[in-house]
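Trainee: Protein sequence lines correspond, in order, to chains A and B. First residue of the first sequence? That's -13 in our numbering, and the numbers climb one at a time after it. First residue of the second sequence? That's 11 in our numbering, and the numbers climb one at a time after it. My questions will all concern the structure given below.
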Amino acid sequence: MKGWLPPVAIGLAVGVVVLVAVTSFAGADAPTPIERIEVLSRELRCPDCQGLSVAESPTRTAQAIRGQIADLVADGASDDAIRAYFVTRYGEWILLGPTLPLAWLLPFAVILAAGIGLGTWLVARRPPPPEPPVPTSEALRRVNDEVEAMDA
Amino acid sequence: MRGLRWLIVPALVIPIGLLFLSGFGRDPSEIPSPLIGRPAPEWTQATLDGGTLSTEDLAGRPYVVNFWASWCGPCVDEHPVLASASTDHGDELAVVGVLYQDTTADATAWLVEHGDAGYPNLLDGDGALAIDYGVTGPPESYFVDAGGIVRAKQFGPLTDESMAQHLAEIGVGE
């Protein structure tokens, strides 16, 4: 087995998964206002709950935020503008996910790096193939004797 | 090169350890408010006693906006602190309560039971004012200086000490 094969195979597999994910997201149809409200509600943290999104929470504050999202969508605000609206009031804390797109890629990068590292390590720890035996002087002498006997 | 391999362990453990230590040093319930240092939200709200109050009425005066509810236990503890601040500082300071997810009947009964200090309490039926201030749960108080800038936020109940500290931040009682 070639030494470079495991890391390349792992990298290729991860690359294909990322490519499929990106193209499927990019090819999606434009969401309806109701879908936008739903998605944004899932992105925002319910302020007076423990670990729930606004979409999941039944509290009055969560209902009020959902109502404000609907109003902002109806007013023509973009998704980024709506997120910013709540961030200026609650801070980045209100967002359940990371704000930097690169942060979403971090886990994939870590898995890729770990896979490459593991593959490299597995290849490196394999014992090297055995060296061909070096003929001893006694063996060489016997070979020479036999060759000379054949020539004679 | 082989010896350098062991540097990977401290290179991973030290940053992760520092990350954990930085988290242990703070209260996770205390979320920094982005309002600090920025102009306070503007509002015009109905009050519990049937009137109307707006930020224009408070212009030029430092004020405290306190979000509370009759179902909020710690709000009972801080109520005397707010009442004293309102009484002691007179016209130098405005104290404004805001009902957080509460009914007017329950809030009125609570004030009868615990003593109405006489400062206005705003109605916030749709929760919009709480959202404008970024409230995560009562009691929470916001301290606004005479220029209309939010200078401090108190998470949880106010004490005499925290009240004095925050009032000093908005130029009251110095």
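Virtual Cβ for every residue (Gly too), placed ideally from N, Cα, C. These figures come from a predicted structure and were not determined experimentally.
Please return the same chain residues whose Cβ sits closer than 7 angstroms to the Cβ of C82 of chain B, not counting the five positions on each side in sequence.
Mentor: Excluding positions up to five away in sequence, the list reads P148, P149.
Trainee: I need the boundaries of the beta strand (DSSP E) containing Y73 of chain B, first residue and last residue.
Mentor: Per DSSP, Y73 of chain B belongs to the beta strand (DSSP E) from 73 to 78.
Trainee: Would DSSP call V40 of chain A helix, strand or coil?
Mentor: Three-state DSSP puts V40 of chain A in coil, outside helix and strand.
Trainee: Is there a Cβ of chain A sitting closer than 8 angstroms to that of V23 of chain B, yes or no?
Mentor: Taking Cβ atoms only, chain A never reaches closer than 8 angstroms to V23 of chain B, which makes this a no.
Trainee: So that I know if they touch, is there some Cβ in chain B lying closer than 8 angstroms to that of P118 of chain A?
Mentor: Closer than 8 angstroms: no.
Trainee: Pick helix, strand or coil for Y152 of chain B, following the three-state DSSP scheme.
Mentor: Three-state DSSP puts Y152 of chain B in a strand.
Trainee: Determine the DSSP secondary structure at S64 of chain B, reduced to helix, strand or coil.
Mentor: Reduced to three states, the DSSP call for S64 of chain B is strand.
Trainee: Please classify W16 of chain B: is it buried, with 16 or more other beta-carbons within 10 angstroms of its beta-carbon, or exposed?
Mentor: Classification of W16 of chain B: exposed, given that the 10 Å Cβ count is below 16.
Trainee: Are there 16 or more other CB atoms within 10 angstroms of the CB of P72 of chain B, so buried, or fewer, so exposed?
Mentor: Buried.
Trainee: How long is the line joining the alpha carbons of L58 of chain A and Q55 of chain B, rounded to whole angstroms?
Mentor: Using only the alpha carbons, I get a separation of about 21 angstroms.
Trainee: For G107 of chain B, does the three-state DSSP call read helix, strand or coil?
Mentor: If DSSP states are grouped into helix, strand and coil, G107 of chain B belongs with the strands.
Trainee: Reducing DSSP to helix, strand and coil, say where A16 of chain A ends up.
Mentor: Coil.
Trainee: Is it a yes or a no for the segment 135 to 147 of chain B touching the segment 39 to 55 of chain A, going by three-plus beta-carbon pairs under 8 angstroms?
Mentor: A contact exists between the segment 135 to 147 of chain B and the segment 39 to 55 of chain A.
Trainee: Keeping to the same chain, check which residues put their C-beta closer than 6 angstroms to that of A104 of chain B; ignore five residues upstream and five downstream.
Mentor: Closer than 6 angstroms at Cβ, skipping near neighbours: L68, R71, Y73.
Trainee: Within the same chain, show all residues whose beta-carbon is closer than 6 angstroms to that of S96 of chain B, passing over the 5 residues directly before and after it, in chain order.
Mentor: Within the same chain, S96 of chain B has close Cβ partners V105, A127, Y129.
Trainee: Is there at least one Cβ from chain B nearer than 8 angstroms to A67 of chain A's Cβ?
Mentor: No, no contact with chain B.
Trainee: Give me the Cα-Cα distance between T118 of chain B and G125 of chain B, rounded to the nearest whole angstrom.
Mentor: T118 of chain B and G125 of chain B: Cα-Cα distance of roughly 10 angstroms.
Trainee: If D142 of chain B and R22 of chain A are in contact, beta carbons under 8 angstroms, what's the gap, nearest whole angstrom?
Mentor: About 22 angstroms separates the two Cβ atoms, so there is no contact after all.
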